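Chains as they are written, first to last, in our numbering: chain G, 1 to 353; chain D, 1001 to 1353; chain C, 2001 to 2353; chain B, 3001 to 3353; chain A, 4001 to 4353.
Take a look at the structure below.
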Amino acid sequence: MRPKFSKRVSSKTLPPGTLVSTTDRTGEVKVTIIDYNESVFLEKQVRGVDECFELRDKPTVTWINVDGLNSIDIVAKLGSCYQLHPLVLEDILSIDQRPKLEIFENYVSVVLKMLSYNEKNSGLESEQVSLIFGKNFLISFQEKEGDVFDLIRDRLRNAKGRIRKSGSDYLTYALIDAIIDNYFSILEKFGERIAHIEEELVKDPSPKTVQTINGLKRELIFLRKSVWPLREVISGLTRGDTTLVKKETVLYLRDIYDHTIQVIDTIETSRDMVSGMLDIYLTNASNRMNEIMKILTVIATIFIPLTFITGIYGMNFKNMPELSWQWGYLTIVGLMFVMATTMLIYFKKKNWY
Amino acid sequence: MRPKFSKRVSSKTLPPGTLVSTTDRTGEVKVTIIDYNESVFLEKQVRGVDECFELRDKPTVTWINVDGLNSIDIVAKLGSCYQLHPLVLEDILSIDQRPKLEIFENYVSVVLKMLSYNEKNSGLESEQVSLIFGKNFLISFQEKEGDVFDLIRDRLRNAKGRIRKSGSDYLTYALIDAIIDNYFSILEKFGERIAHIEEELVKDPSPKTVQTINGLKRELIFLRKSVWPLREVISGLTRGDTTLVKKETVLYLRDIYDHTIQVIDTIETSRDMVSGMLDIYLTNASNRMNEIMKILTVIATIFIPLTFITGIYGMNFKNMPELSWQWGYLTIVGLMFVMATTMLIYFKKKNWY
Amino acid sequence: MRPKFSKRVSSKTLPPGTLVSTTDRTGEVKVTIIDYNESVFLEKQVRGVDECFELRDKPTVTWINVDGLNSIDIVAKLGSCYQLHPLVLEDILSIDQRPKLEIFENYVSVVLKMLSYNEKNSGLESEQVSLIFGKNFLISFQEKEGDVFDLIRDRLRNAKGRIRKSGSDYLTYALIDAIIDNYFSILEKFGERIAHIEEELVKDPSPKTVQTINGLKRELIFLRKSVWPLREVISGLTRGDTTLVKKETVLYLRDIYDHTIQVIDTIETSRDMVSGMLDIYLTNASNRMNEIMKILTVIATIFIPLTFITGIYGMNFKNMPELSWQWGYLTIVGLMFVMATTMLIYFKKKNWY
Amino acid sequence: MRPKFSKRVSSKTLPPGTLVSTTDRTGEVKVTIIDYNESVFLEKQVRGVDECFELRDKPTVTWINVDGLNSIDIVAKLGSCYQLHPLVLEDILSIDQRPKLEIFENYVSVVLKMLSYNEKNSGLESEQVSLIFGKNFLISFQEKEGDVFDLIRDRLRNAKGRIRKSGSDYLTYALIDAIIDNYFSILEKFGERIAHIEEELVKDPSPKTVQTINGLKRELIFLRKSVWPLREVISGLTRGDTTLVKKETVLYLRDIYDHTIQVIDTIETSRDMVSGMLDIYLTNASNRMNEIMKILTVIATIFIPLTFITGIYGMNFKNMPELSWQWGYLTIVGLMFVMATTMLIYFKKKNWY
Amino acid sequence: MRPKFSKRVSSKTLPPGTLVSTTDRTGEVKVTIIDYNESVFLEKQVRGVDECFELRDKPTVTWINVDGLNSIDIVAKLGSCYQLHPLVLEDILSIDQRPKLEIFENYVSVVLKMLSYNEKNSGLESEQVSLIFGKNFLISFQEKEGDVFDLIRDRLRNAKGRIRKSGSDYLTYALIDAIIDNYFSILEKFGERIAHIEEELVKDPSPKTVQTINGLKRELIFLRKSVWPLREVISGLTRGDTTLVKKETVLYLRDIYDHTIQVIDTIETSRDMVSGMLDIYLTNASNRMNEIMKILTVIATIFIPLTFITGIYGMNFKNMPELSWQWGYLTIVGLMFVMATTMLIYFKKKNWY
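Pasting the structure below:
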């Protein structure tokens, strides 16, 4: 979950618009085609995308979902079928894009980040999702197979809600909504971790806690970077710059705009809380340090003078009259006792222990 | 009062617009209907909301107040009676909304946060209030019964002020005003707590004070998050985007806009003050630490050399002429006294104690 | 000078527009009427405000100054005489308003904060001033009698400058100008206090200095809160939204707008300086602490090994040949001297003392 | 170079527009008149400004430069000659103005800050420069004689560049350009000082370094305050609100706008660097402190147990069999040596010294 | 890589528009001319730029690349050939420009910063690149020869991509794209260094690490300063203020606008991370300090009382009955053992070691 510092590294020496896959995931690319309208529903998994040409001209909504970005061929074919701009295809393949929106005459391109929480190394993982939608089609590209879109597929299959009655713009909305809903579950995990660390801070703080806090801080920076540009993307869709987004759908998009703001709000609040936790850790650490120093000081200031006195009467001078006194020893021990007690009372008063 | 990281958790796998209650409060839902104009006043508590249909078409203002969000049925019925958008109904039921304003052709939806101070665990509690108002109706939804709106009910009953002479927009204003007035009493409690902590800081600071300060800080973050979006909500109502808000009422709304700004101002000032308190605590802690270290240093630097001298004359060398001197003991004790005094004077000059 | 966390506390249960005095100052309300044009000048002090009706319709400029906000009756009468909106009257009486501007058709309402420096407890005091001006009248409300407006009265009496030749808008300008000029003298006092604390920081810093710095910080927050909204108020007056402000006066208002910016600038600079002072204090404190620790360390590291050596030769072993050597004592004392000198040179090199 | 907290202190009780000199510099006011066009060039130094009347009506460009603001008479005469607004004259004389721009119908008033670096007390000094230009005249006011404008005079005399061919607006540009060029040399001095302090930080940091850093910080705040409003001033001149600035000149003004941005950028960067230096100082100080504490700890933890052992065998118990052993002494000394070595190895491993 | 505090130092006393070279690089200036359209391609290296006149009037695109800014003559000749404004020529030669865009009627001037990473002193180096493009020409100025543009030359030679089919605006885009792509490789190096420092922080933190972190921080400030204004530059090119940028090219420019935002985002994230690293260092340092202090305290608080007891029985009082007891020695040693154990258990419980 380190921020990546590279753009299309390997395509650097190539002219813009040259298609190069930047994903490091391999495996077969999976293409699923769903073709539907209110009455018709067709779903099939294909190897190539040659069928897209015939589907393109049908009035039904065609959703082509591509899992895996390592097949340049498929992307190129879809690009030529739906006449997509070379830069759009390049953006789909280079996986370090910022969330962004590009509105063209016949289609709209939306790039998003899908986040998932890797339980193994308890780190965030980011995956790029590109959505290209036009009058009666939507093409979605994911880096790997995921289950977030399965809910939408179910709804399509079962004709639940408005989804079968609406066009490709509503389908786009449904997919973005699924991704943003997923952010909320990520945030929930964050919430649990924050609560866990807070407990740790009170019960058993250790230098490792600081590292955990810092890791959390960094993941929040990363999360924020993924979500922040989404505001503009979604508000761009609602602004009415394209007729591809119908008026009814704008209302739904405004709803997910609110959700995005809510996600950003929660991220900001979490950042504030995480910063506060570092303060608490440092204050606690300094408090414990002070406690320790106080005890050292109390012990040292009591015993150093007493030890000095024993040093005096340990000297080997011939002529030390006190040494021969009958009660000399008891007197000195008594004196030391009085001194220690006085100091203890003094320190107690000063509230030192 | 922890920030919640979930949106409509249970509705996640459902298509948008599906009504799911997210409140964790149970108990019977209480519906109160008040129907009034300048001369007529009718108030009754009902079980269902079937009466709303006949009231809808009457010219009098109808205020339907719903306490409790666990009855999806009631919300759905009201929605169908007043033809509300499914997303509006969903917002009413999902209680983690940000304050927001949605303007539709025939009605306006306002979502607000009502805050209350829980004396038991001295924490803030937040409750969502939704207000839907149209030409001659206002529907308000609260999570639980509260007394903030009772003042408005009294005014309606007694026909105090302009309220009976005005329409549903003025009633909306009155309700929002009651909620914002409530913020001021919350802030007053904050003011008392800040004053209390400040006193504690001066008189008896303890590591627990830091925790209290941090709790306060977090509650202020939470409060800010609840109030900040209100600015936009209220300024949206005054902007004249809807004819449902009459021109006379805009003036009143601008008044509560000023109050909102004042609340935000006070929150910001409180945040500054709370931050300052942490600085004071840390400075005080470090000052006390320095005091303790100084005393340790003074004691140690005085007695360590003296003890060394006693060590010298405690050695068992055969040939130590000083030991046999008549006044050896007294000379050495005198020397030690002179050393101690010199050091004390030196430290006094250096302003160490 | 604590920030107040209450709005119209006592009026909370009352409908908006109900007049309630929130001032805690008592004493008789003093009303002064000045009626003038270029040739005429009339000044008198009255008990009631019944005269205002006849003055209202005269073409001369009428300035009604009300000192004291505890007479609801006077405010209500003036309100009915000049047909002021109930919310305006409520704002005049509730003394925790933010500076604000309300433009009505026939009059303009300006709420400002007048600051004064209380020499006794060296704290800022804030007083609310409301100015209502229309075509040929200006009504000013103050919480208590003050001398800031006396300068304007003098100018009116002596017909100094343009004031007698101009209308009520110029008089409004003159009053606001007097208030802002007063801010500069407040800032001058702040400047003196900052200079004083800086001197203290260098000469004799104490934990109390931190408290003074924090007090200053808080007063600057308070001051900022009072002045910041003034920008909008004055720029609102110059924007030409009302014909009550003549074009010639706009130039003068722009001049005090510049002054307001200058006040805000100076406040921001002062805040930066005060923050810097806390840094200096902490750095100084930590430097002194380091000095003390260094001395402790030097003393301890020199004497601890030496004392150990004396301990060795203080042991009572039967068979310790060194003890019987002729020069054993001197050798050991010499050795200790060499050790101490070596360490001193080492510490000197390390730049420890 | 302390920020000043006073505005027109002495004029406070006077009506606005009353001319009062606020400069504390005395000495004779020097007036220089340069009158030129492409072919004509006239330069003379005058006592009064009575000549201005005849020059005013000539088509040649007249540059009247006034060094010294202590002659109200000259300012007033120029004001009446060129029909300047009283507030403009007041601004010229009150030397604590913020840089500002006022556009009138027949002339434009620009107030700037000229900065100079006082080598003696190594502090910044600020001087107010006002430029009033109209169709064929430019009047410049400085607090004291300076050499920044001499370069422009030279160019005028020698007819270098476009200056003689252009109007008063280009002359204004040339003067502002000279002032901003001067800022760069100020910044260069700052750069040298920052480099100097950085070297000091690495080689020989002392508490005094912190004071120098803080002084620098404060001067940068002051510098920023002087330069920041210049952005608006110059962008105001380029916006085309006045026909007095010709289109060709706008290009040149945009050039100095870029320079202003560059100055602001450099100031911000310097502020970041100075803040970083304080961090470095504190980190270094805390590192040195840690080093010292480590050495104390190593010495103390090695010798305290050893001294304890010598204490044991220094006890005078009758029955201590070890004391009579043949090799008792050597055994114990050997034991102590082993202990010390073990601890040293342990501390070495822990990387303590 | 220190920020430079000088502008055209040597040209300060000269009128604006005077050409002075501010580069400190010497060596021969290299001029390369590439003239092309879809079918024609001509590339040659020339000494002077006299050929430009004939190329100017041909319809082919002419790219004149000038490596080295120390020849005023070449710049002046090109300026007169293409009728460039003197200020543009001045900007080309003064190498401390901020990235900026100037749109003229017949040409557009773009100033950029090319960054390179100097492996030797691991510091950033900045080089100014100016691009002037008009209808059928592009003139590029670099401070020294670089290889970033070679990729573009290759594409031109091989007629790869759209570049030979497009005009000078597309060539401009290609050059800016090459420069921004270069930023990504710079950021990659930063990423490696950040990762390296983080490892160092965990494994072997030293005061030198802080210096490295601070150096990184400063370079990020510098980088940010170079990249930030680029946003405006590129968005200015896409805004359509000039017809010299064709509509097809705007899409490509918007693509590099996105890249710029991405660079800025990464810089901001890196800054956050670097700030976090300083926190980690300080927390670690303070933790290590605490560990050391704890050990000192444990050792001291255990042995100081024990040593005191040995001191007691080392006193030479005649009458100390314990000394004659048979088991006195063992009793005391046993007592000391019990005390030490008790304290160790107590400290263990307090979690001190």
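Ideal Cβ placement from N, Cα and C applies to all residues, glycine included.
If you're wondering where the values come from, they're calculated on a predicted model, not measured in any experiment.
Any Cβ of chain D closer than 8 Å to the Cβ of methionine 2273(C) would place that residue at the interface, and such an atom is absent.
Contact between aspartate 1265(D) and lysine 2144(C) is absent: CB atoms are separated by about 24 Å, not below the 8 Å threshold. In the displayed model, tryptophan 2325(C) falls within coil according to three-state DSSP, outside both helix and strand. Between leucine 1216(D) and threonine 1209(D), the C-beta spacing is not below 8 Å. Among the CB atoms of chain A, none fall inside 8 Å of the CB of glycine 3027(B).
For the region 2321-2343 of chain C, the set of positions with a beta-carbon nearer than 7 Å to some beta-carbon of chain B is empty. Contacts with chain G at 8 Å (Cβ-Cβ) do not include arginine 1239(D). For the 8 Å CB-CB criterion, serine 3275(B) and alanine 4285(A) do not form a contact. Fewer than three Cβ pairs drawn from the region 3048-3062 of chain B and the region 3020-3028 of chain B lie within less than 8 Å of each other, which leaves the two stretches out of contact. In the DSSP assignment, tyrosine 3107(B) is bridged to Gly3134(B). Annotation: Cβ neighbours of alanine 1300(D) in chain G (cutoff 7 Å, chain order): Ala300 and Ile304. Using a Cβ-Cβ cut-off of 9 Å, isoleucine 4261(A) is close to Arg98, Lys100 and Pro229 of chain G, given in chain order. Using a Cβ distance threshold of 8 Å, arginine 4153(A) and tyrosine 4036(A) do not count as a contacting pair. Chain A has a Cβ within less than 8 Å of the Cβ of arginine 218(G). Take the alpha-carbon of valine 1020(D) and the one of glycine 2123(C): they are about 55 Å apart.
Membership of isoleucine 1152(D) in the alpha helix (DSSP H) is indicated by the continuous run 1150-1158. Here methionine 343(G) carries a helix assignment [DSSP, helix/strand/coil]. For isoleucine 3033(B), the enclosing beta strand (DSSP E) starts and ends at 3030-3036. Separation of glycine 2167(C) and lysine 2246(C) (C-alpha to C-alpha, rounded to the nearest whole angstrom) is 9 Å. If you draw a straight line from the Cα of glycine 3236(B) to the Cα of leucine 3101(B), it is about 7 Å long. CA-to-CA, the gap between isoleucine 1186(D) and isoleucine 1267(D) works out to about 11 Å. Neighbourhood of methionine 3293(B) in chain C, by CB distance below 9 Å: Met2293 and Thr2297, in chain order. In the structure shown, glutamine 4083(A) adopts coil according to DSSP, grouped into three states. Glycine 1311(D) reaches chain G at Gly311, counting residues in chain order whose Cβ is nearer than 7 Å. For the region 1112-1145 of chain D, the set of residues with a beta-carbon nearer than 8 Å to any beta-carbon of chain C is empty. Counting only Cβ-Cβ distances below 7 Å, phenylalanine 1317(D) has contacts in chain C at Tyr2313, Leu2323, Gly2328 and Tyr2329, in chain order.
Per DSSP, the continuous beta strand (DSSP E) segment holding isoleucine 64(G) begins and ends at 61-67. If you draw a straight line from the Cα of glutamate 1232(D) to the Cα of tyrosine 1252(D), it is about 16 Å long. For lysine 3225(B), the C-beta contacts it makes with chain C under 8 Å involve Asp2265 and Thr2269, in order along the chain. Here glutamate 125(G) is bridged, per DSSP, to Ser116(G).
Annotated three-state conformation of glutamine 2045(C) is strand, per DSSP.
When rounded, the separation of the alpha-carbon atoms in valine 4129(A) and isoleucine 4213(A) is 29 Å.
Within 9 Å of the CB of leucine 1087(D), the CB atoms of chain G belong to Leu251, Tyr252, Arg254 and Asp255, in sequence order along the chain. Under the three-state reduction of DSSP output, glutamate 2102(C) falls in the strand class.
In the DSSP assignment, arginine 2288(C) falls within the unbroken alpha helix (DSSP H) covering 2247-2312. Under the 8 Å Cβ criterion, the region 326-342 of chain G does not count as touching the region 4334-4353 of chain A, having fewer than three qualifying pairs.
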